[in-house]
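Line order of the protein sequences matches chains A and B.
The first sequence begins at 1 in UniProt numbering and counts up by one.
The second sequence begins at 1 in UniProt numbering and counts up by one.
Heads up, the thing below is written out as structure tokens.
2 protein chains.
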Amino acid sequence: MDFSSKLLEQAVYEMSQLPGIGKRTALRLVLHLLRQNENQTLQLAEALTNLRTGIKFCKNCHNISDTELCEICANPNREASIVCVVEDVRDVMAIENTSQYRGHYHVLGGKISPLDGVGPQDLTIQSLKEKVKSGGVEEVIFALSSTMEGDTTNFYIYRQLEEFGIKTSTIARGIAVGDELEYADEVTLGRSILHRIPFENSLKN
Amino acid sequence: MDFSSKLLEQAVYEMSQLPGIGKRTALRLVLHLLRQNENQTLQLAEALTNLRTGIKFCKNCHNISDTELCEICANPNREASIVCVVEDVRDVMAIENTSQYRGHYHVLGGKISPLDGVGPQDLTIQSLKEKVKSGGVEEVIFALSSTMEGDTTNFYIYRQLEEFGIKTSTIARGIAVGDELEYADEVTLGRSILHRIPFENSLKN
């Protein structure tokens with residue numbers, strides 16, 4: 001593309017560095033900003049700068065936080081003895097939205113993925129190991145997405161924590177509530193039969 | 001969504017103000033920036049700020065430009081007597097890419113669209129009228145998109161320029177090069193027959 005302005009070209013280039021945003025979409029977004037009030041652009045720029053320079057991670061669970069200890073870890077009503085291992089802040093938000101979990105989290109910051117150059121040392125696994133080693137943790141729940149990378153990461157952490165003899169569990173895989181059996185994939189349906197639960201338990205919720 | 005950080009929430013909110021970007025996509029983009037080098041975010045913020053505060057519009061054609069007179073208007077090899085009326089800088093870029101046009105442009109900054117609250121006074125129509133009035137313009141080419149708003153805008157400008165007795169034309173509508181007739185819509189095909197051109201003319205390019 002042949003831009004009539006270096007400023008425009010630079011803004012479009014930087015915008016198109018975002019995932020899923022090509023040059024054309026970037027140009028559309030930037031032209032939208034130009035038609036809006038100047039404040040909108042300045043606020044966007046400021047919010048991004050503030051976030052990137054001021055962001056903190058909870059020293060206990062590594063979740064994004066404005067304070068040294070995140071709200072969940074600082075809350076005395078949450079059970080510190082249960083730790084749910086998740087990939088990133090989106091998973092924390094998703095689980096919090098269910099209002100079904102009262103324990104702590106441990107945010108890995110990714111999944112082991114050799115293809116993307118992400119190894120165990122790039123994640124917060126060592127910190128989880130130390131947390132368990134120092135005592136007080138009774139159960140670790142694996143809640144990573146059910147992909148090759150997720151399963152690999154689960155297994156790696158499982159092996160790392162084996163020596164401490166704590167309880168480990170993984171979230172249930174099965175047919176989604178409201179889904180029709182006939183459209184479920186075989187692996188999921190198969191697992192949902194293998195890991196069936198007593199009927200009375202299903203009445204509790 | 002319940003964010004663990006005000007900084008994160010603010011950045012996601014500002015990002016989701018962009019057209020076509022919802023809260024979820026905004027969160028994905030912002031988390032992507034957090035995983036990248038800090039420079040990437042700062043450069044994006046700076047490019048947007050520079051663009052919004054430093055942008056100029058060519059005083060002659062109203063195209064985005066870093067200088068008072070854009071490169072096209074400042075180029076003595078371009079014919080100032082032909083003015084192509086377009087909606088925004090994207091159309092200028094598209095036409096420039098064809099290398100088929102050697103005249104000047106006039107960027108309207110939008111189309112007349114009562115539903116969106118855009119009237120003639122919001123566009124650069126008055127400036128076009130003055131340009132024509134002051135002489136030197138022989139032909140005005142309408143190159144707005146072929147929609148209700150585009151046609152309305154074309155007609156409005158046409159009526160405004162009528163008194164000056166200059167030549168007005170509109171870009172040809174027809175079957176795209178490489179397209180099959182059987183898949184063309186009836187209006188386009190109908191127009192392409194009504195506005196047929198001498199066969200020898202089609203050989204020139």
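Cβ atoms here follow ideal geometry from the backbone N, Cα and C, with glycine treated the same way.
Let's see if you can read the secondary structure: which residues bound the beta strand (DSSP E) around residue i?
i: C84(B); result: 79 to 86
i: K59(A); result: Neither: K59(A) is in no beta strand (DSSP E) and is coded neither H nor E.
i: V118(B); result: Here V118(B) belongs to no beta strand (DSSP E), and DSSP marks it neither H nor E.
i: H195(B); result: Segment: none, H195(B) is in no beta strand (DSSP E) and carries neither H nor E.
Work out the CA separation of residue j and residue i for me, nearest whole Å.
i: G117(B); j: R196(A); result: 59 Å
i: E180(A); j: D2(B); result: 30 Å
i: V85(B); j: Q36(B); result: 42 Å
i: T152(A); j: I112(A); result: 7 Å
i: T170(B); j: E149(B); result: 15 Å
i: N50(A); j: L7(B); result: 7 Å
i: L29(B); j: P198(B); result: 53 Å
i: I125(A); j: L161(A); result: 10 Å
i: G109(A); j: M93(A); result: 14 Å
i: T168(A); j: G20(A); result: 36 Å
i: G22(B); j: S16(B); result: 5 Å
i: V140(A); j: N60(A); result: 15 Å
i: Q43(B); j: E96(B); result: 29 Å
i: S4(A); j: I82(B); result: 19 Å
i: E71(B); j: R24(B); result: 40 Å
i: K56(B); j: K133(B); result: 25 Å
i: R173(A); j: V107(A); result: 21 Å
i: V89(A); j: L31(B); result: 9 Å
i: V137(A); j: L18(B); result: 43 Å
i: G165(B); j: L128(B); result: 14 Å
i: R191(A); j: S146(A); result: 12 Å
i: N77(B); j: G119(B); result: 34 Å
i: I175(B); j: E200(B); result: 18 Å
Starting from residue i, follow the alpha helix (DSSP H) in both directions and report where the run begins and ends.
i: G54(B); result: 38 to 54
i: F155(B); result: 148 to 161
i: F164(B); result: From DSSP, F164(B) is part of no alpha helix (DSSP H); its letter is neither H nor E.
i: V89(A); result: 89 to 98
i: A74(B); result: 71 to 74
Is it right to say residue i is buried, meaning 16 or more other beta carbons lie within 10 angstroms of its own, or is it exposed?
i: E38(B); result: exposed
i: L115(A); result: exposed
i: Y183(A); result: exposed
i: K131(A); result: buried
i: E87(B); result: buried
i: L27(B); result: buried
i: S99(B); result: exposed
i: Q10(B); result: buried
i: N154(A); result: buried
i: R52(B); result: buried
i: L203(B); result: exposed
i: Y105(B); result: buried
i: L123(A); result: buried
i: T67(B); result: exposed
i: D91(B); result: buried
i: V187(B); result: exposed
i: L194(A); result: exposed
i: T41(B); result: buried
i: N63(B); result: buried
i: A143(A); result: buried
Once DSSP output is grouped into helix, strand and coil, what is the label at residue i?
i: E186(B); result: helix
i: S202(B); result: helix
i: V177(A); result: coil
i: E139(A); result: strand
i: S145(B); result: coil
i: S127(A); result: helix
i: S134(B); result: coil
i: G110(B); result: coil
i: L170(A); result: Going by the sequence as given, residue 170(A) is Thr instead of Leu. Three-state DSSP puts T170(A) in a strand.
i: Y101(B); result: coil
Taking 6 Å as the line, does the beta carbon of residue i fall inside it for any heavy atom of the ligand MG?
i: G174(A); result: Absence of the ligand MG from the depicted structure is noted, as is the absence of any ligand whatsoever, leaving it without description.
For this session: Would you mind listing the alpha helix (DSSP H) stretches within the region 1 to 36 of chain A that are 4+ residues and don't spill past its ends, in chain order?
Result: Segments of the alpha helix (DSSP H) lying fully in the region 1 to 36 of chain A: 6 to 15, 23 to 35.
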